[in-house]
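This report refers to the structure that appears directly beneath it.
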Amino acid sequence: MTDITDAYFSNLIGRLEELKQTLAEPMAQAAAVILDAARGDKRVYVFGTGHSHMLAEEVHYRAGGLAFTVPV
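Residues 1 to 72 in UniProt numbering are what the sequence shown spells out, letter by letter.
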């Protein structure tokens, strides 16, 4: 690899590690809320604006997706 690609990947890995450290707990909390909804026969509303709505649609419309989600 070249110096610039090494620098790029080092920077990227550092940022991902930072996200892992700072977002692990909030992501676990969000997962627990979603799991409780699934077990409790409740709904999870998913949404997005502009192109970000595609992520919400991916959760709901994909074959084998989560039937308890409701796209807004």
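All C-beta atoms in this analysis are idealised placements derived from N, C-alpha and C, irrespective of residue type, glycine included. Every value quoted in this text rests on a predicted model; they were computed, and no experiment measured them.
Here the alpha carbons of Y45 and R15 stand approximately 30 Å from one another. About 7 Å separates the beta carbons of F47 and P71, which is inside the 8 Å limit, making them a contact pair.
Per DSSP, the continuous beta strand (DSSP E) segment holding V44 begins and ends at V44 to V46. F68 and L55 have their alpha carbons spaced roughly 16 Å apart. Residue pairing of V70 in beta bridges, as defined by DSSP: Y45.
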